Every structure is written in C-alpha cells, then in structure tokens.
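Chains as they are written, first to last, in the numbering used here: chain A, 384 to 675; chain B, 14 to 304. A virtual CB, placed ideally from N, CA and C, is assigned to each residue, including glycine. Since we're looking at a predicted model, the values are computed, not measured. Below is one structure, written out as structure tokens; comments come after it.
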C-alpha cells in the first residue's frame, strides 16, 4: 500500500469548518440539540417560571398600590414584579451559563478535547454564550406570556415602548456580559463554583429593586450608592418606566439610563474579555484544563 | 500450587475488630462532608452573605405591603417576621432535600456511589449519612437567617413553651422532609436527570404552602393543593408558635402536628420501599454508577 493510499484511508471524510460564523453556528446548534434532548427539564423549567409569576401575583395582593404609584411605577405590583423577575432571571441564567458550562466541561474532561480541535476557544465561548441567550428567551417570553395572558397584567405595549425596551435590553446584555466573561475566567482558574456570579446575582436582586422600588434604599445612603454601580439597576429602571409608565428612549430618565448602560459597556467589556483570556491562558500554561 | 491453596491465597483477610456501628458510619459521612465543605471557605462566606441579602430584601418588601390578610389569618401584624420565617424554613427544607438528590448525582458522577455501596455500608446507612450533614448545614443557615432577621426587626416570641413547641414542629418538619429527600433520591437513581419531587418542593411549596403570603389569599379552587405538602402544616404551626405564642396544646397547632405525624407514618415505609426498589433495579441492570 502506498503512502498516499494510507493517508487517503485516514483522511477525514468531512472537511473542517473554516468559517468562524459556521463554527459558532455548529456550537450553538449542537448545544441546542443537547438542551432539547432533556425534555423533562425543559418542561419543569417552564412550569417553574409560570409558578413563580403566579407566586408574585398572590404576593402582590398584599402590596399597597400607593407605594408604587407614588414612585412612578403604576398601581400594579404584578406588573412591577413581572418586569423585574423576568429580566433578572433571564440575565443571570445567561451570565452564569459560560461559567457553568466551563465547569461542566472541565469536570467531564471535554474542555481539553475542545481546545485541541481546530475550533478556536473564543468561538466556542461565544457559541455557548449565544446558546444561553437563545434558550433563556423561551423562559423570558413565557414569563411575559403568563403575566399578560393568564394574569391580565397591563403593560404599555406600542412601537415606541417596544423599541425602547429592546434597545435597553440589548445594552443590558452587553454591559452585563462583561461580568459573565469575568466569572468564567475566574472559574477556569479556581474551579469550584462561580462565587462571583452568585454574589453578583444576589446583590443585583437585592440592590437593583427587583422586588421593591429602588427609592426605598434611600434611607441607607451607602446601600443606595452601591445599587448605582450595577448596570442592571439602570436597565431595570428604564424597562419599567417604558413598559409600565409608557416612557420612550427620548424621555430624560430613560435617556440617562441608556447613557449609563453605554458607559458601563465601554468600560467593562474589555476588562471582561481580558479576564476570560487570562483565565484560559493560565489553565493552559499550568496544565490544569482537565483538573477540578 | 493446588486449587484449595490458591483459593486460600486469594481469600480476603478478615479485618480484625468489630464492624463500625451505624452511628459511627453516619458520623464518618458527616466528617467527610464537613471537611469537603470547609475546604471551600470562600463559599462558606458567600453562603452567609446570601442569607443576609435575602433576609434584608424582605425587610424592604415589608415596607410596601399591608397586613390585613395576615391579621385575618391569625399571624399577627408583622409581615417581615411572617416572610422571614416562611422563606427561611422553605429554603431550609428545599436545600436539604435538593442537596440529597444532588449528592446522589455527585456520587454517581464521581463513581464513588458503587464503591460505597459495595462496602459493608448498606443503602439505609448511606442515605442517612448523606442526609445528616445537609440538614446540619440547613439548620446552620436557618439559625443565621433568623438571627439576621432578629437584628433588623423580626419579632420572635421569647415564651419558652412556644419556642419548645416550635422546636417540636421543626423536628417533624425535618423528619417529613427527609422522607421527601429519600423519594427524590430514589427517582434520581433511576431517571438520573431532572427531579419532579425537588421541583415540586422548590416551586409548588412557594406557591401553595403560604411562604410569602397567607393561604387565605388563594382562591378556594386551588388552596387545597397546599394540603399535599408537609411544609404547609409545619409553617403554619411554627409561625403560630413563634409569632402569636401558640403552643402544641393550641388546637390549630395540635391539628398541624397530627397531620404531620400521619404524613410521616404513611410515607416513610413508601419512601424506603421506593428507594430499595430503585436501588435493586439499578444494581440489577448495572446502572448504579451511571449518570
């Protein structure tokens, strides 16, 4: 047998994907297939989401409406909580996705395997992140659907408020994804859990006013100041003012919130990417890509 | 070498001394789990921080709620106390139940479950050993949550009789939820992924057991669902003891105790049988160590 015949025998049948876009698509598609193979988990996730909205509905029956209306958030606690809970859950599921998948891959020994293929790690991380955002949309839309159609929540829905909300939402993702990249970089090196995500998720829910108006924090100036250093605080305020109060991108409050989100994005994103890259380089150099 | 000599050569050397008692084995599980937990000191601090944040969150929520429905249900006039007791005990049982099934998954994932169960430790001791540390940790966070609550305005009675009654209710709560944990572990052994029992305890109890609101707010068509969960009776009894100074001799609390006792007596044999069946089935089909 000649050398070229032997090489031909061992040659791969399918050519490798060269294009970055096709590689990202492949990572996203493969992970979507895995997700939908766990049908039971998909169903329980959706039911959990519906249950949580119903829970806030009943909790809202105890809330004094004047406490919300006096702060510009309308009269309905369920509308107030719906926007807060839906977006905060979406955001933190997405942000923790990358660190969770890295932990899972390290433990399963597959991160090293992916690293030695021709797929660039950056592409792999982007693919996993996009998968997280896509899958979580099911829960986000489901949460709003339960609120709007099952519980009769009234939101200001028109072209302007939707455009404002979508813009805010996208800026919220960009500004916060930096935190997701940072936590993933830290998890790669320290292995155990993702404490940074956990702390930030908790602080975010506590400080950004997911369950109560932010103005209540003013009686504790340090806590109120801390709330102002989280991009989600601005994003949630803008989305609530738009979807509950009918404000648009040109309303001064919303305009201010969006400007803050842009500043956060410009400052945090390069830092997040740097931490992620550094974490990856450290585990490659130390040979700890498969240890946990 | 003759066959009997060969067999004798390969025969296990009997371990000298007696076999460890159940208590010693459970203690060994607790020490093992504690050492693992203690190695992650950062997580220990984060867990405490998390507890602090959730308690303080309800402080702010209490500033926007009215207490009419609380008073009508007989839980006093303080929403912060109501919510902190509800969330602290719900989290306590949920984390204890869910970590049991998670630890079973972890043992399967690491391949240590088959090893432990091939030793002289039987599955009942294994389950007890896996559960005890989780409940100890759950109790630690429960006490932390109540102490933080106390610091920010939660009003818990100092009446000794009521505190002892709440302690009895808590023991019943732990026992009933250990049973739930065993059922959940049985399911995890078989289906490996996803667990409707943990799911039910996570969300359905929050919705129907009156964790954040009194059950008189639920429409009558769905309020009966709460009666399925032991948490509903436990929370009701504990709240009445800790906030309005009821005791186990108060008719409503006594009724809660009877219901919890019935739940335990009926479900304990079922849960152990279910776990035994799942355990035997996975041993028989060779999937005990699979995940």
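DSSP state of residue i mapped onto helix, strand, coil
| i | result |
| --- | --- |
| residue 446 of chain A | strand |
| residue 542 of chain A | helix |
| residue 78 of chain B | strand |
| residue 384 of chain A | coil |
| residue 91 of chain B | coil |
| residue 501 of chain A | coil |
| residue 456 of chain A | coil |
| residue 266 of chain B | helix |
| residue 137 of chain B | helix |
| residue 673 of chain A | coil |
| residue 132 of chain B | coil |
| residue 221 of chain B | helix |
| residue 611 of chain A | coil |
| residue 595 of chain A | coil |
| residue 33 of chain B | coil |
| residue 209 of chain B | helix |
| residue 242 of chain B | coil |
| residue 171 of chain B | coil |
Proximity winner among the options, relative to residue i (alpha-carbon distances)
| i | options | result |
| --- | --- | --- |
| residue 215 of chain B | A/422, A/391, A/390 and A/438 | A/438 |
| residue 423 of chain A | B/88, B/272 and B/209 | B/209 |
| residue 629 of chain A | A/433, A/394, A/548 and A/412 | A/548 |
| residue 279 of chain B | B/123, B/145, B/21 and B/193 | B/193 |
| residue 47 of chain B | B/94, B/84, B/71 and B/146 | B/146 |
| residue 122 of chain B | B/158, B/42, B/201 and B/85 | B/201 |
| residue 444 of chain A | B/137, B/227 and B/267 | B/227 |
| residue 471 of chain A | A/639, A/598, A/594 and A/599 | A/594 |
| residue 277 of chain B | B/99, B/103, B/44 and B/242 | B/242 |
| residue 510 of chain A | A/434, A/413 and A/568 | A/413 |
| residue 156 of chain B | B/101, B/110 and B/125 | B/101 |
| residue 442 of chain A | B/50, B/92 and B/142 | B/92 |
| residue 568 of chain A | A/589, A/480 and A/446 | A/480 |
| residue 231 of chain B | B/16, B/195, B/83 and B/290 | B/83 |
| residue 235 of chain B | B/217, B/225 and B/16 | B/217 |
| residue 448 of chain A | A/435, A/406 and A/464 | A/464 |
| residue 536 of chain A | A/661, A/436 and A/619 | A/436 |
| residue 427 of chain A | A/521, A/670 and A/389 | A/521 |
| residue 152 of chain B | B/199, B/104, B/133 and B/138 | B/104 |
| residue 501 of chain A | A/403, A/453, A/617 and A/587 | A/403 |
Neighbour list for residue i in chain A, Cβ cutoff strictly below 8 angstroms
| i | result |
| --- | --- |
| residue 231 of chain B | 441 |
| residue 226 of chain B | 441, 442, 444 and 445 |
| residue 79 of chain B | 445, 446 and 447 |
Expected contact under 8 angstroms - CB spacing of residue i and residue j to nearest Å
| i | j | result |
| --- | --- | --- |
| residue 559 of chain A | residue 614 of chain A | 6 angstroms |
| residue 564 of chain A | residue 655 of chain A | 3 angstroms |
| residue 97 of chain B | residue 68 of chain B | 6 angstroms |
| residue 140 of chain B | residue 288 of chain B | 7 angstroms |
| residue 244 of chain B | residue 106 of chain B | 6 angstroms |
| residue 189 of chain B | residue 255 of chain B | About 19 angstroms separates the two Cβ atoms, so there is no contact after all. |
| residue 600 of chain A | residue 610 of chain A | 6 angstroms |
| residue 116 of chain B | residue 143 of chain B | 5 angstroms |
| residue 212 of chain B | residue 431 of chain A | 7 angstroms |
| residue 250 of chain B | residue 224 of chain B | Going by Cβ atoms, the distance from residue 250 of chain B to residue 224 of chain B rounds to 14 angstroms, so no, they are not a contact pair. |
Contacts that residue i makes with chain B (C-beta to C-beta distance below 9 angstroms)
| i | result |
| --- | --- |
| residue 431 of chain A | 212, 215 and 216 |
is_contact[residue i, chain A] using C-beta, thresh 8 angstroms
| i | result |
| --- | --- |
| residue 219 of chain B | yes |
| residue 153 of chain B | no |
| residue 264 of chain B | no |
| residue 9 of chain B | With chain B running from 14 to 304 in the structure shown, residue 9 of chain B is simply not present. |
| residue 23 of chain B | no |
| residue 70 of chain B | yes |
| residue 173 of chain B | no |
Within-8 angstroms CB hit, residue i to chain B
| i | result |
| --- | --- |
| residue 616 of chain A | no |
| residue 419 of chain A | no |
| residue 613 of chain A | no |
| residue 453 of chain A | no |
| residue 563 of chain A | no |
| residue 555 of chain A | no |
| residue 427 of chain A | yes |
| residue 438 of chain A | yes |
| residue 450 of chain A | yes |
Per-residue contacts from residue i into chain A (C-beta, under 9 angstroms)
| i | result |
| --- | --- |
| residue 181 of chain B | Simply none; closest approach about 29 angstroms. |
| residue 82 of chain B | 444 and 445 |
| residue 73 of chain B | 589, 592, 594, 595, 596, 599 and 600 |
| residue 209 of chain B | 423 and 427 |
Residues that residue i contacts on chain B, provided the C-beta gap is smaller than 8 angstroms
| i | result |
| --- | --- |
| residue 569 of chain A | Under the 8 angstroms cutoff, chain B gives no residues; its nearest Cβ is about 11 angstroms from residue 569 of chain A. |
| residue 375 of chain A | No statement about residue 375 of chain A is possible, as the shown extent of chain A runs from 384 to 675 and does not include it. |
| residue 585 of chain A | 62, 63, 66 and 67 |
Residue i: CB within 7 angstroms of a non-hydrogen atom of the ligand SAH
| i | result |
| --- | --- |
| residue 274 of chain B | What this structure holds is no ligand at all, so the ligand SAH is not there to describe. |
C-beta neighbour in chain D for residue i, strict 8 angstroms
| i | result |
| --- | --- |
| residue 564 of chain A | This model lacks chain D altogether; the protein chains it does include are A and B. |
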